[in-house]
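S.K.: Chains A and B are the protein sequences, given in the same order. FYI, in our numbering the residues of the first sequence are 1 to 237. FYI, in our numbering the residues of the second sequence are 1001 to 1293. All C-beta atoms in this analysis are idealised placements derived from N, C-alpha and C, irrespective of residue type, glycine included.
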Amino acid sequence: MADPVLKVENINVFYGSIHAIKGISFEVYEGEIVTLIGANGAGKSTTLNTISGLLHPSTGSISFLGESLAKVPPYKIVERGLAQVPEGRRVFAQMTVNENLEMGAFTQSSSSIPEDLEKVYSLFPRLKERMNQTAGTLSGGEQQMLAMGRALMSRPKLLMLDEPSMGLAPILVEQIFAIIADLHRTGATILLVEQNAQMALSIASRGYVMETGNIVTTGTGQELLASEEVRKAYLGG
Amino acid sequence: MTFLNFFISGISLGSIYAIIALGYTMVYGISKMLNFAHGDVIMVGAYICFYAVVRYGLNPFLAVAVAMVLCSVLGIIVEGLAYKPLRQAPSLAVLITAIGMSYFLQNTALLLWSSNPKVFPSVVGRGAFHMFNGNLSVSHITALTIIVCLVIMVALSLFVSKTKMGKAMRACSEDKGAAQLMGINVNATISMTFAIGSGLAAIAGALLCSAYPTLMPTTGSLPGIKAFTAAVFGGIGSIPGAFLGGLMLGVIEIFAKAYISSQLSDAVVFGVLIVVLLVKPAGLLGKMTQEKV
Chain A
1 MADPVLKVEN INVFYGSIHA IKGISFEVYE GEIVTLIGAN GAGKSTTLNT ISGLLHPSTG
61 SISFLGESLA KVPPYKIVER GLAQVPEGRR VFAQMTVNEN LEMGAFTQSS SSIPEDLEKV
121 YSLFPRLKER MNQTAGTLSG GEQQMLAMGR ALMSRPKLLM LDEPSMGLAP ILVEQIFAII
181 ADLHRTGATI LLVEQNAQMA LSIASRGYVM ETGNIVTTGT GQELLASEEV RKAYLGG
Chain B
1001 MTFLNFFISG ISLGSIYAII ALGYTMVYGI SKMLNFAHGD VIMVGAYICF YAVVRYGLNP
1061 FLAVAVAMVL CSVLGIIVEG LAYKPLRQAP SLAVLITAIG MSYFLQNTAL LLWSSNPKVF
1121 PSVVGRGAFH MFNGNLSVSH ITALTIIVCL VIMVALSLFV SKTKMGKAMR ACSEDKGAAQ
1181 LMGINVNATI SMTFAIGSGL AAIAGALLCS AYPTLMPTTG SLPGIKAFTA AVFGGIGSIP
1241 GAFLGGLMLG VIEIFAKAYI SSQLSDAVVF GVLIVVLLVK PAGLLGKMTQ EKV
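#1: Report the residue from B:G1271, B:P1060, B:G1283 and B:M1001 whose alpha carbon sits nearest the alpha carbon of B:N1133.
#2: Please check if any C-beta of chain A sits within less than 8 Å of the C-beta of B:R1170.
#3: Go ahead and pull the three-state DSSP assignment for A:R206.
#4: Determine the DSSP secondary structure at B:L1285, reduced to helix, strand or coil.
#5: Where do the ends of the alpha helix (DSSP H) carrying A:A20 lie?
#6: B:R1126: which of B:S1139, B:F1120, B:K1118 and B:N1135 sits nearest, CA to CA?
#7: With H, G and I counted as helix, E and B as strand and the rest as coil, what does DSSP make of B:A1098?
#8: With 8 Å set as the bound, which would you pick, yes or no: does the beta-carbon of B:M1182 sit closer than that to a beta-carbon of chain A?
#9: Which term fits A:K232, buried or exposed, when burial requires 16 or more other beta carbons within 10 angstroms of its beta carbon?
#10: How many angstroms separate the CA atom of A:N40 from the CA atom of A:N10?
#11: Since A:F124 contacts B:A1178 with CB under 8 Å, what's their CB separation in whole angstroms?
#12: Helix, strand or coil: which one does DSSP assign to B:Y1212?
#13: Look at the alpha carbon of A:L224 and the alpha carbon of A:L146, and state the distance between them as a whole number of angstroms.
#14: Give me, in chain order, the residues of the same chain whose beta-carbon lies closer than 7 Å to that of B:E1079; leave out the 5 immediate sequence neighbours on both sides.
#15: Using 8 Å for Cβ pairs, my map puts A:K187 next to A:R206. What's the rounded Cβ distance?
#16: Using DSSP bridges, identify the partner residues of A:D162.
#17: Do you know offhand how far A:M148's Cα is from B:A1018's?
#18: Would you mind listing the alpha helix (DSSP H) stretches within the segment 1061–1128 of chain B that are 4+ residues and don't spill past its ends, in chain order?
#19: Would the beta-carbon of A:T217 fall within 8 Å of that of A:V5?
#20: Locate the alpha helix (DSSP H) running through B:A1018, then write down its first and last residues.
#21: Determine, for B:E1291, whether the minimum Cβ-Cβ distance to residues of chain A falls below 8 Å.
#22: In this structure, what does DSSP give as the bridge partners for A:E9?
#23: So, is the C-beta of A:F64 closer than 8 Å to a C-beta in chain B?
#24: Please identify the residue among A:N196, A:A181 and A:F14 whose C-alpha is closest to the C-alpha of A:I203.
#25: Could you tell me the distance, in whole angstroms, from the CA atom of A:M95 to the CA atom of B:R1170?
#26: Where do the N-terminal and C-terminal ends of the alpha helix (DSSP H) with A:Q222 fall, by residue?
#27: Would A:F124 pass as an interface residue toward chain B - the criterion being a Cβ-Cβ separation below 8 Å?
#28: How many angstroms separate the CA atom of B:V1279 from the CA atom of A:P164?
#29: Using a Cβ cut-off of 8 Å, which residues of the segment 93–110 of chain A contact any Cβ in chain B, in chain order?
#30: Answer with buried or exposed for B:I1096, where buried requires no fewer than 16 other C-beta atoms within 10 angstroms of its C-beta.
#31: According to DSSP, is A:Q108 part of a helix, a strand, or is it coil?
#32: Alpha carbon to alpha carbon, how far is B:A1230 from A:S63?
#33: If distances are taken between C-alpha atoms only, which option among B:T1145, B:K1167 and B:T1218 comes closest to B:Y1103?
#34: Whose CA, out of B:I1141, B:G1246, B:V1044 and B:A1206, lies closest to the CA of B:N1107?
#35: Contact check, A:I51 vs A:V8 under 8 Å by CB: the rounded distance?
#36: What residues from chain A crowd round B:E1174, counting only those whose CB sits closer than 8 Å?
Right, dumping it as structure tokens:
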């Protein structure tokens, strides 16, 4: 296999005195959907925020496209092609849908924006209908679409999604996962953090199971879905 | 006619408050802190103008430009030294630091320029326009103040709604973490906001001292407090709110001076603030912010 897009090696992350991430390692290769699953508090979001540069590992290394991300500020990490759709969507509620998408393209030259806006609007026609509404007026599902579209505007080489199913009705979860699978088919590389292990594993190339700051199991999506251990702990038997 | 005269003076004084209030409100919007040193930046700006004109014989408008640049730099330095290290600190610590910074600037001014009042030369002289057979006279500085305030208001509104940096400022005001994930340099954006606010304070300083020519190290503090009041009055964090609040405060103050009592004018101004906050706690144009879980 070629070099991984993202390589996380033995990172430890502390929140004050709390040892949140305990020496985990994993890789994401080009064109894969890799999922981190696990219960609430297992350290999944902390892992993503560390990769995005919002938190710093006390030891260990993270490299993206072969270059270390140590000491790189978060806004430069986005420039390098790593976008995160944060947990809880975090759209800019008082800005319009269009402005939110423009903010996603902050690192891009303004000449490429119209074309990328068209792409995002064709992927999410609902957003186009609401382009001049403020984001705060959108439903939860629409906000999730906006958060994803906003991240895509930065032309990411790796898209990280943090709990895209959170707080959404089952039908919307299906829609969102269908879009993620679509993105994957068109060649996007995705790191997906989910509590909804069933959904995540069903579309994932590979998965890692996290538990209290450790990675306890890994395998392909199908292997993990079939694994007795994983079924018991995360898939409700 | 006297009513109209008072009204125009009120709008002019209010324009100065509005320009200062814009600085308060923009900084509050992005860093959720009350920069009580903002009023003292006005005073520094006025001193820079004063020395540039009186000692170096600069054209008054060029002097204001110099003051704007230097005050913007001062704003960036104040933010970087005093507030940036407290980004994660409780808001009370930041508030006390801001009050400390205000005293620091005043006392530095006292050391550098002494407490003797300086007579500030008006940027446009002391002439006036006479209208209606001389029944209504509007001084040049009054007219200039109102025009400058309108220009600033329009320019700033366009800046935050149309430009990439302006939109980034709004994004940072809403959610700094998410803004970082967009690739926005949040620290640079905050610095720029302080620079803009402080540059506006320099303009306000020159206009204020052109209208009320006594310049002392404490010159900025009362207008600073009043402009802060104006920002709260209009809804802190809101740019149109600062504008509206400033104008209303100026008009109320001048009317109170004219028709009630000049000693009681400040009491009336703050009385109105209390009533507004009782009825509409977020201010006239402020939005009630909901804490999201």
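M.R.: To lay it out plainly:
#1: B:M1001
#2: yes
#3: strand
#4: coil
#5: That residue, A:A20, is in no alpha helix (DSSP H); its beta strand (DSSP E) goes I18 to V28.
#6: Of B:S1139, B:F1120, B:K1118 and B:N1135, the smallest CA-CA separation from B:R1126 is found for B:S1139.
#7: helix
#8: Answer yes: the Cβ-Cβ gap between B:M1182 and chain A drops below 8 Å somewhere.
#9: exposed
#10: 21 Å
#11: About 18 Å separates the two Cβ atoms, so there is no contact after all.
#12: coil
#13: 30 Å
#14: I1190, S1191 and F1194
#15: Just to set this straight, residue 187 of chain A is Gly in the shown sequence, not Lys. A:G187 to A:R206, Cβ: 17 Å. No contact.
#16: A:V193
#17: 39 Å
#18: 1091–1113
#19: no
#20: T1002 to S1031
#21: Bear in mind that a pLDDT of 44 at B:E1291, under 50, signals an unreliable position, so the model cannot answer this.
#22: A:S61
#23: no
#24: A:A181
#25: 8 Å
#26: G221 to A226
#27: Not closer than 8 Å to any Cβ of chain B, the Cβ of A:F124 fails to qualify, so no.
#28: Their backbone Cα atoms lie some 41 Å apart in a straight line.
#29: A93, Q94, M95, E99, E102, M103, G104, F106, T107 and S110
#30: exposed
#31: Looking at A:Q108 - three-state DSSP - the assignment turns out to be coil, as it is neither helix nor strand.
#32: 50 Å
#33: B:T1218
#34: B:V1044
#35: A Cβ-Cβ separation of about 7 Å places A:I51 in contact with A:V8 under the 8 Å criterion.
#36: Under the 8 Å cutoff, chain A gives F92, A93, Q94 and M95.
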